[in-house]
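See structure below.
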Amino acid sequence: MLLVKRALVTLLGGRGQTRVALVRRVSLPARPQEPGPEDCCQNGCAVCVWDLYWAALAESGAEVADGDGGAESAAQPVSVGLTAFEELEKELAAKEEERLKKQTGSTPTGAG
1 MLLVKRALVT LLGGRGQTRV ALVRRVSLPA RPQEPGPEDC CQNGCAVCVW
51 DLYWAALAES GAEVADGDGG AESAAQPVSV GLTAFEELEK ELAAKEEERL
101 KKQTGSTPTG AG
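Here the sequence shown is numbered in the UniProt record's numbering, starting from 1 and rising by one per residue.
Structure follows, in structure tokens:
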């Protein structure tokens with residue numbers, strides 16, 4: 001009963017308090033709150049609120065605490081920035097392979 005009361009008090013409490021979730025009678029840290037658009041100035045600060053959020057998320061073990069094997073994060077769409085970066089990497093790798101092919105007159109080792 002004490003854990004349930006503690007979980008309710010901390011979940012309903014204000015900022016700066018430890019947030020706790022009760023899962024199968026085990027007290028686990030709750031998922032950190034994602035920063036809103038008003039929290040980040042987009043100036044590339046040395047310590048950004050997003051860096052703090054990701055550190056808190058990793059520290060809390062929120063992916064494991066969900067108990068769903070990360071299914072929620074897998075269902076989220078991939079960032080357009082990441083997709084563009086991957087496409088650029090593929091293009092650069094193809095150009096490098098073509099350059100090596102012209103230089104040696106054959107395909108690089110491992111290319112089939």
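All C-beta atoms in this analysis are idealised placements derived from N, C-alpha and C, irrespective of residue type, glycine included. Quantities reported herein were computed from a predicted structural model and do not represent experimental measurements.
(request) Leaving aside the five residues before and after P35 along the sequence, list all residues of the same chain whose C-beta is less than 7 Å from its C-beta, in chain order. (result) V49, W50, Y53
(message) Could you compute how far the alpha carbon of Q103 sits from the alpha carbon of A84?
(response) 29 Å
(request) Take L57 and list the residues in its own chain whose beta-carbon comes closer than 6 Å to its own, dropping the five residues that flank it on each side. (result) P32
(request) List the endpoints of the continuous alpha helix (DSSP H) containing A56. (result) 49-60
(message) Quick check on DSSP: helix, strand or coil for R99?
(response) helix
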